[in-house]
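Protein chains in written order, with this note's numbering: chain A, 1003 to 1691; chain B, 336 to 503.
These notes concern the structure reproduced below.
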């Protein structure tokens, strides 16, 4: 404990909470009694990303130094530039996934020294995987005697390793692995090698059950209405035996089958849980945030509400049986996958204690339910929404809209939202917007027409609001802290899909760039090949930027603190330095523009005893720092920025923290642009004593 | 990165992956030293070109479009807007994170890592054509000469997100 921090009470609290949160933390003798661990992806199974540490605080955050760093280039046959992992720290060892191999690495958390590494060489099966690279992380389990590390390879195999050595546990599954493409109540087609299914999120282990979801390729322009299905399974952590399965698309005789008309449950796929799963171990309940069914933007081949697509489902930890569910979006048409971990919160509403679950979303609504029953804490009535006219499409005439809390990010586009720095810029934005159909949340996609509309201009859809990093929860203040992209515009236009491209009637596209039979690579590309007919390229592409400026007003990205006792905002700030393009734009020089925040969707937050910590998603170059991004700290009660530290590249994985031998560390994954993946650990400078 | 100011070695090192490894001090030094370097860093050499100077042709972008659709669109999207796991190739985040680097950096990144199932499978010409297509979608102006396929030559072209003010 450095002299600077006199708060002895907190010191004892660490010890107490370390024991409370980090059971079973006592397996190895070398563990420092005052260590605070980060034993699962989101700190705990409740999805809080919270640790009650405050050695690093408002007075010293900007003094942080790099304790160690590790490049992930060599954990794979090529570097990766999108490192999304959050490490674990358990029993004095830091574990993470790393590199294009998705290797597991074990490091000394004080020095970064590599203790062991494990990689699986999967050949073509790995190369064909729908979700590649190092993924988000791994899971740790211990019975107090032995420790195990569990992770899923890109090729969709669950691997179980000895936490001390990194060697496979032979008694688990088939010599330490379970082939997740098998025993899934479906035949993965076309075969086990290239059959599309995988996952990039970290497994979760609750009690002795490992829970694994499934992910697929991006679904904007699917080749077929038919795909593999994303069921969720529980496995015995000791043996690898499958304990249960939950069919996210109901099978014959199961609840919800009638929400798939014309037999569409038979062939429709996806509908997986690709993001983090949350568990209440005490109640024995698992919370599953389910994604969209096959074909993100056109549902003509899956008439009906499509349960459990875009539905929060609560199942029993022991059996996988459904306890309750709430469909956030009926008949999904906007790629509003439930994209992040549900957050468990014990709150007080109208003077009564409530066990709640709160779900951040792309559409910027925070849905809050009683977590035993699924009853909304504040009413979520069905409201009429626009019905579209895409041929063959069916529409839900209503969608459930929360009355509280208010939407924390934009989820529609109106003229009011357009850039207004200068009248000229606003005119240009209006000109672009005039080519599209605009409207509030749940305005449906349109067929793209050259004469207009080119599509529906949306926010809060595919990449809007909160994506996979999710939010944080502070059990002290009962606040959820959540980053949101407030300017991620998604034009959704549909074009008829030629049979050679897809058997789906409409796929995402824009009129004016016909979806053609695709040429083989190199065809007509050589110097003497016949020139293709003259056609202005990019014809159908409308840039949604104006000389690089976002076409909507700031703030471009925000962090919001939402108090769950009241369902109200405590504060909201723009997160991230104003982009260079805005600061350097000639016509804006001399204007006083408050910090705008940044347009990016993958920012995770960390909450400690006093701070909310999050890095930037953009690189900037300012008078205060060279080309790079900042890791920023905010006072968690006010949102006021209290410190910042330089990172060489944007944050691409959510930060975590731990206390080891009396020192607090913050580890964050950075990468992007030409900067390959790197974990960086920050700590306070030594005091010289 | 020849556009970096000479005599500003700390900044040069901070852009060099290899030297960055295990060199915690450099980032911190860079923070301290940066104000000294910034003025020089922002003044480009007189003859250097940027993506605003017509560094690809319409024909080349047209060649790149079907290759993009075949090799890239399933993850990065028909409209280049990205997906949950694939960064967008247009818009604020894309422009910001390449701003200040070179076309050589972007080209090498594609060469090294894409397409994801078999990095480096495409020819340099195909990659250059895809890049030309990306430039056209991002509304950087086309010109009379094709985008190079040699990394060294592409390093002479700066990626700048903001349209420069008209030359006087």
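Using N, Cα and C, we set each Cβ at its ideal position, and we do this for glycine too.
Given a threshold of 16 other Cβ atoms within 10 Å of its Cβ, counted over all protein chains shown, does residue i qualify as buried or as exposed?
| i | result |
| --- | --- |
| residue 1218 of chain A | buried |
| residue 1601 of chain A | buried |
| residue 1452 of chain A | exposed |
| residue 372 of chain B | Model confidence at residue 372 of chain B stands at a pLDDT of 41, short of 50, so the residue's coordinates are unreliable and nothing is read from them. |
| residue 1323 of chain A | exposed |
| residue 409 of chain B | buried |
| residue 1155 of chain A | buried |
| residue 1553 of chain A | buried |
| residue 1678 of chain A | buried |
| residue 1046 of chain A | buried |
| residue 1176 of chain A | exposed |
| residue 498 of chain B | buried |
| residue 1412 of chain A | buried |
For residue i and residue j, I'd like the C-alpha separation in whole angstroms.
| i | j | result |
| --- | --- | --- |
| residue 1059 of chain A | residue 1685 of chain A | 11 Å |
| residue 434 of chain B | residue 1581 of chain A | 10 Å |
| residue 1547 of chain A | residue 1101 of chain A | 33 Å |
| residue 1185 of chain A | residue 1664 of chain A | 47 Å |
| residue 1107 of chain A | residue 1431 of chain A | 48 Å |
| residue 1671 of chain A | residue 1235 of chain A | 29 Å |
| residue 1511 of chain A | residue 1626 of chain A | 42 Å |
| residue 1297 of chain A | residue 1499 of chain A | 12 Å |
| residue 1503 of chain A | residue 1461 of chain A | 28 Å |
| residue 1507 of chain A | residue 396 of chain B | 28 Å |
| residue 424 of chain B | residue 1170 of chain A | 39 Å |
| residue 1172 of chain A | residue 1242 of chain A | 11 Å |
| residue 360 of chain B | residue 1681 of chain A | Residue confidence is low: residue 360 of chain B scores 46 on pLDDT, short of 50, so the model does not pin down where it sits. No coordinate-derived value is stated. |
| residue 1568 of chain A | residue 1352 of chain A | 8 Å |
| residue 1655 of chain A | residue 1376 of chain A | 31 Å |
| residue 1474 of chain A | residue 480 of chain B | 51 Å |
| residue 1090 of chain A | residue 1068 of chain A | 18 Å |
| residue 1237 of chain A | residue 1178 of chain A | 13 Å |
| residue 1029 of chain A | residue 1476 of chain A | Confidence is the limiting factor: at residue 1029 of chain A the pLDDT is only 39, short of 50, which leaves the residue's position unreliable and the question unanswerable from this model. |
| residue 1203 of chain A | residue 1338 of chain A | 18 Å |
Whose CA, out of the options, lies closest to the CA of residue i?
| i | options | result |
| --- | --- | --- |
| residue 1327 of chain A | A/1613, A/1374, A/1046, A/1458 | A/1374 |
| residue 1265 of chain A | A/1230, A/1306, A/1177 | A/1306 |
| residue 1468 of chain A | A/1476, A/1485, A/1481, A/1586 | A/1485 |
| residue 1635 of chain A | A/1356, A/1611, A/1627 | A/1611 |
| residue 1615 of chain A | A/1056, A/1038, A/1452 | A/1056 |
| residue 1292 of chain A | A/1479, A/1628, A/1364, A/1269 | A/1364 |
| residue 1194 of chain A | A/1563, A/1661, A/1159 | A/1159 |
| residue 398 of chain B | B/475, B/417, B/461, B/487 | B/461 |
| residue 1061 of chain A | A/1660, A/1649, A/1674, A/1643 | A/1643 |
| residue 487 of chain B | B/450, B/440, B/473, B/407 | B/440 |
| residue 388 of chain B | B/496, B/490, B/475, B/430 | B/475 |
| residue 1070 of chain A | A/1112, A/1478, A/1095 | A/1112 |
| residue 1129 of chain A | B/450, B/427, B/417 | B/450 |
| residue 1492 of chain A | A/1440, A/1513, A/1471, A/1505 | A/1440 |
| residue 1340 of chain A | A/1289, A/1214, A/1589, A/1389 | A/1289 |
Are residue i and residue j touching if we call contact CB-CB under 8 Å?
| i | j | result |
| --- | --- | --- |
| residue 1163 of chain A | residue 1123 of chain A | no |
| residue 1457 of chain A | residue 1445 of chain A | no |
| residue 1653 of chain A | residue 1605 of chain A | yes |
| residue 465 of chain B | residue 384 of chain B | no |
| residue 1421 of chain A | residue 1427 of chain A | yes |
| residue 1182 of chain A | residue 1280 of chain A | no |
| residue 1209 of chain A | residue 1283 of chain A | yes |
| residue 987 of chain A | residue 1273 of chain A | Absent from the model: residue 987 of chain A. The displayed extent of chain A is 1003 to 1691, so no value can be given. |
| residue 1676 of chain A | residue 444 of chain B | yes |
| residue 1333 of chain A | residue 1301 of chain A | yes |
| residue 1042 of chain A | residue 1085 of chain A | no |
| residue 1405 of chain A | residue 1381 of chain A | yes |
| residue 1645 of chain A | residue 1064 of chain A | yes |
| residue 1230 of chain A | residue 1197 of chain A | yes |
| residue 1488 of chain A | residue 1596 of chain A | no |
Quick check for students: name the residue ranges of the beta strand (DSSP E) that lie wholly in the stretch 1316-1354 of chain A, counting only runs of 3 or more.
With a minimum length of 3 residues, the continuous beta strand (DSSP E) runs that stay inside the stretch 1316-1354 of chain A are 1324-1329, 1345-1351.
At 3 residues or longer, and completely inside the stretch 1236-1318 of chain A: list those beta strand (DSSP E) runs for me, N to C.
Counting only runs of 3 or more, we get 1244-1248, 1280-1282, 1287-1291, 1313-1318.
What are the start and end residues of each continuous beta strand (DSSP E) run of 3 or more residues lying completely inside the stretch 1584-1632 of chain A, in chain order?
Segments of the beta strand (DSSP E) lying fully in the stretch 1584-1632 of chain A: 1613-1617.
What are the complete alpha helix (DSSP H) segments, minimum 4 residues, inside the stretch 381-439 of chain B?
You should have 393-406, 408-411, 427-433.
Completely contained beta strand (DSSP E) runs for the stretch 1130-1212 of chain A, where each covers 3 or more residues
Within the stretch 1130-1212 of chain A, the complete beta strand (DSSP E) runs of at least 3 residues fall at 1141-1144, 1149-1154, 1159-1164, 1179-1181, 1206-1208.
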